[in-house]
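Asker: In the working numbering, the protein residues as written are 1 to 1142.
1) Pull up the DSSP beta-bridge partners for residue 856, would you.
2) Helix, strand or coil: which one does DSSP assign to residue 793?
3) Residue range of the beta strand (DSSP E) that residue 958 falls in?
4) Distance check for residue 242 and residue 136, CA to CA, integer angstroms please.
5) Assuming residue 975 contacts residue 864 (C-beta within less than 8 angstroms), just tell me the rounded distance between them.
6) Please list the terminal residues of the continuous beta strand (DSSP E) segment that includes residue 869.
7) Taking the alpha-carbon positions, what's the residue 1122 to residue 1053 distance?
8) Compare the C-alpha of residue 869 against each of 893, 848 and 339 and name the closest.
9) How would you label residue 571, buried or exposed, when you count the other beta carbons within 10 angstroms and need 16 or more for buried?
10) Determine the extent of the beta strand (DSSP E) in which residue 398 is found, giving its start and end residues.
11) Work out the CA separation of residue 633 and residue 672 for me, nearest whole Å.
12) For residue 482, which of helix, strand or coil comes out of DSSP?
13) Answer with buried or exposed for residue 973, where buried requires no fewer than 16 other C-beta atoms within 10 angstroms of its C-beta.
14) Just verifying my parser: in three-state terms, what is the DSSP assignment at residue 385?
15) Give the straight-line distance between the Cα atoms of residue 1022 and residue 1013, rounded to the nearest whole angstrom.
16) Compare the Cα-Cα distances from residue 141 to each of 315, 154, 905 and 230 and report the closest residue.
17) Pull up the distance between the alpha-carbon of residue 874 and that of residue 946, whole angstroms please.
18) Residues in the same chain with beta-carbon distance under 8 angstroms from residue 1024, minus the five sequence neighbours each way, listed in chain order, please.
19) Quick check on DSSP: helix, strand or coil for residue 820?
20) Any contact between the region 18 to 25 and the region 73 to 84? By contact I mean 3 or more CB pairs, one from each, below 8 angstroms.
21) Kindly indicate which residue of 843, 890 and 1010 has the alpha-carbon position closest to the one of residue 908.
22) Excluding the 5 residues flanking residue 1100 on each side, which residues of the same chain have their C-beta closer than 7 angstroms to its C-beta?
23) Go ahead and pull the three-state DSSP assignment for residue 21.
24) Rounding to the nearest angstrom, what Cα-Cα distance links residue 7 and residue 93 in this structure?
25) What does the alpha-carbon distance come out to for the pair residue 900 and residue 840?
26) Got a sec? Which residues, its chain only, sit under 8 angstroms from residue 807 by beta carbon, not counting five neighbours each side?
27) What residues are listed by DSSP as bridge partners for residue 141?
28) Smallest Cα separation from residue 418: which of 447, 268, 120 and 607?
29) What does residue 893 pair with, by DSSP beta-bridge criteria?
30) DSSP three-state label for residue 91, please.
31) Do the CB positions of residue 1102 and residue 1134 come within less than 8 angstroms of each other?
32) Three or more C-beta pairs closer than 8 angstroms, one from the region 699 to 717 and one from the region 677 to 691: is that the case here?
33) If you run the structure through DSSP and keep just helix, strand and coil, what is residue 120?
34) Looking only at its chain, what residues have a beta carbon closer than 7 angstroms to the beta carbon of residue 592, apart from the 5 residues adjacent to it on each side?
35) Would you please state the rounded distance, in angstroms, between the beta carbons of residue 827 and residue 959? I believe it to be under 8 angstroms.
36) Kindly identify the DSSP beta-bridge partner or partners of residue 1077.
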């Protein structure tokens, strides 16, 4: 293809008027910028004199749309020395691309300066560029190669020492070999001295050899003919037009790019080199090549062939491998490419494979999420975000087993990712099941919360449980699950059951008590069935506790396992039935099968019969009837027996069994009849007929019974027996009125052989210790304590419990002619043994007062031999041991009457006279700590627990809490008295010094003083007619008996301690949860803020009545209180005398 001629303008610059350098002539008017530029360009460099030997020099520059070439000579025609003449060619810049041979252009410069007369005008030059010829480089001097290497490195100027001919040859070779687009960069200048700033006027700086010495220490390449020793790089081959650069040039042409910087050839070479091995490139290299070709040729319509080839290979790599990482596409613009749909599809495929492949690296998966919702996602190329979002939404909307791991990685990644995954998740039960089954073992709580909320909203309970278990502690996870599912379930859900398996039993129990949730109550019950010790804190009045106990028994069938006070617990359970008859009480059948079906001594027995379900009622009645008849046989007397119980005894089958059991014991049959009126004429007649023998005392009673009942059949049987057995003649004498017409026969029957008649007498039967009323129970733990207490009793007798077998000592405590009947027992060490032994003794003896007397350890503020009476006993070893140790202190207070008396005695040292001659000890009424182990040192872990949890305690022991638990349940009045036998600071020394006997004796002395004062109090409070010394007469134990009508007016009802104590005892029986029950105190106008809810009912009532005696709190008065009680119990016999005062 021929090239059009180029019109080149010319200009002369030289001496103007022989004195200054400037414009002389030009082929056309010059622009203002050229007028400004050319004077400096054509003058001497740095205004230096041209060195001798330099005839001329060449320059080349670019300015104002022109490529300038010039030759400068020293001007010999001027008078002024140092002047120069310059011929300038002004080649249009666009024409540079078509000048293929610089030598042709340089030939247009004048070889010598024109004469002075010829310097005033000159025409333009028409230049016809030659066609480009493949004049390939065959060899290259090493110095030339150094010049090229510096140009390719991006040097701003390359300084060369060369003669004019060498410099021209270098310029021609470079120009002719360069890619046309690089030619405008090839400017050059001549320097005679280095510049101070280092700035140069051309890319190549020629230094004549004559002044090269001035460049010592500065970069300077001296052109020589020495050949290069190593092969050229591709860039060098292109620069110098080597033959082997042809493919590189073809690549550039195919990509349709024209480099405009020497340094750009590096990127061009990298792209070409990678393209040459396109089939073998790695994914990362393909990514790099794609970026290079896109950067080199951004126009989508250019370089299409190369771009398509590169993009095709990249697409294949993305779709079929894990490389390159998708993050490498974040800044990859598709604008330079004509068709990118295949690439976008490949990215979608890659994302889908990443989400499902088991071999996908977690980092690669989260990287895909980052491309869609990561912190820098907005900086990604839009096409990439669209493709990734489409793939993720399509795949993860309904996770499968294969997709679940990726879904969970996304949920745990960025918050934005989590929000989007949850927002696009389909409400599919199948997806919920998959996610629940694949949930990770641990989750951050912040990640879990939105998942828990979504699961709760959609009812995905399995997923909710899995997330809760992964994010929360076991107990907290279980709580969240229960709250989420709701508390209306009757049976535990599979999720709740599964979560509960990870929760410690005590934590599960605490959670069930806190939430009162049916599911947890049943699970806690199962735990208690497996470990009955969990039931040690059972509070049957608490609805949750009650249900847990019911569930535990339903699984273990062990009614009393783990209970501290079984009898008291069952009694309380039955009391709840009385108060809530409509509620289901599932343990009733189980209680009916146990010894607890005997409710003879239940404080509210008479109310039970109306509320017991029919199947259980008959069993309870039978067991209670058996107990009642046994007690009647033992000599106990009941002035009132409610109709259902009496009727149970009167049942024919029951009576028949009794008569069979006591077929040779008429005293027993008569005792039962006296209490229950269960016999009929026919029954008794049959019994008399088979009776082997009868004692005189029984004969009188039997006869009087027959007579009072007018039972003729029985009388006839007696008459028949009297004929053969003299023992029955006494019976006959008492029932003669039932035998018509036999008086004369009776007279003869009772006449002796001597003719003297006699009258039958009822012999006196003295009271025995087994049926003697017991006023006081004293419990001890050790033998030396038992022996110390026995010293204050007279007439001690050993007796045996009639059913369970323990043996007791029963004796008399006498003071000033008055006396108490006292039962003494040894329980053994520990709260559990003490509770069981006390429970048995209380059930048998039914005392008014109960004391635990023994030795203990001093914690603080006491000395050896001192005495501590309990204001309260603190059980300190209950706790919840989780991440932190949380003590759960339980307490039982001493009876108010006894603690007040103990304070009175201690404050006045009234007990000191009972000590030996050398005894001088103090007494305190303070809290006592009770645990399950001996505390041997103040450095022990147990001592640390005591000091942190119950720091108010001044003594420590092992039985007091177990003792007071059944005392409170039986509504007795109890207190613990301890003599200090050792101090925790030096326990071993005090034990070796023999302080235990002294401490036991001192505790006994204090207890004796309390008993003496109690005797005085009882006598002083009786009416004058009764103020006589007490004797050990049988005492009625009938819980339904009533006192004589009160004689004191209503205003003086609470005037004395004893009056308040008597009323408090009655009210505690009726309101066994204290004054808050049925809101009786509040209804009467009172306030309860002064009460301790942890105190037992009798203590609360004592405090309440004491408070009322001092004026009360609120608008309550004795009248308003009695009126409120009367509304609840209008027919209660124990309260009738009080109601009479209203």
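C-beta atoms are modelled at their ideal positions from N, C-alpha and C, and glycine is treated no differently.
Answerer: On the basis of the coordinates in this document:
1) When beta bridges are read from the DSSP output, residue 856 appears opposite 980.
2) DSSP places residue 793 in coil when its eight states are reduced to three.
3) First-last for residue 958: undefined, no H or E at that position.
4) Straight through space, the alpha carbons of residue 242 and residue 136 are spaced by roughly 5 angstroms.
5) In fact, because the Cβ distance is near 22 angstroms, the residues do not count as touching under 8 angstroms.
6) From DSSP, the beta strand (DSSP E) with residue 869 extends over 867 to 875.
7) Near 11 angstroms, if we compare the C-alpha coordinates of residue 1053 and residue 1122.
8) In this structure, 893 is the residue among 893, 848 and 339 with its C-alpha nearest to the C-alpha of residue 869.
9) With 16 or more other Cβ atoms from the protein chains shown falling within 10 Å of its own Cβ, residue 571 counts as buried.
10) Neither: residue 398 is in no beta strand (DSSP E) and is coded neither H nor E.
11) Rounded to the nearest angstrom, the two C-alpha atoms are 7 angstroms apart.
12) Per DSSP, reduced to three states, the secondary structure at residue 482 is helical.
13) Classified as buried, residue 973 has 16 or more neighbouring CB atoms from the shown chains inside 10 Å of its CB.
14) In the structure shown, residue 385 falls within a helical segment according to DSSP collapsed to helix, strand and coil.
15) Bear in mind that a pLDDT of 41 at residue 1022, under 50, signals an unreliable position, so the model cannot answer this.
16) The option with the nearest alpha carbon to residue 141 is 230.
17) Residue 874 and residue 946: Cα-Cα distance of roughly 10 angstroms.
18) Since pLDDT at residue 1024 reaches only 37, below the 50 mark, its modelled position is unreliable, and no value is offered.
19) Under the three-state reduction of DSSP, residue 820 is assigned to strand.
20) The answer is yes - the region 73 to 84 touches the region 18 to 25, with three or more Cβ pairs under 8 angstroms.
21) That would be 1010, whose Cα lies nearest to the Cα of residue 908.
22) Taking C-beta separations shorter than 7 angstroms and ignoring five residues to either side along the sequence, the partners of residue 1100 in its chain run 1074, 1075 and 1091, following chain order.
23) DSSP places residue 21 in strand when its eight states are reduced to three.
24) So the two alpha carbons sit approximately 12 angstroms from each other.
25) Distance from the CA atom of residue 900 to the CA atom of residue 840, rounded to whole angstroms, is 27 angstroms.
26) Cβ contact annotation for residue 807 (same chain, cutoff 8 angstroms, sequence separation greater than five): 798, 799, 800 and 801, in chain order.
27) Residue pairing for residue 141: DSSP places it in a beta bridge opposite 227.
28) Of the listed residues, the one whose Cα sits closest to residue 418 is 447.
29) Residue pairing of residue 893 in beta bridges, as defined by DSSP: 872.
30) Look at residue 91 here: in three-state DSSP terms it is strand.
31) The answer is no: Cβ separation not under 8 angstroms.
32) Between the region 699 to 717 and the region 677 to 691, the count of Cβ pairs shorter than 8 angstroms is three or higher; the stretches touch.
33) It is coil, neither helix nor strand.
34) Cβ-Cβ distances below 7 angstroms link residue 592 to 616, 619 and 620 in the same chain, with the five nearest sequence neighbours on each side left out; the list follows chain order.
35) Contact between residue 827 and residue 959 holds, since their C-beta atoms are separated by about 7 angstroms, short of 8 angstroms.
36) Answer by DSSP bridge pairing: none, since residue 1077 is not bridged.
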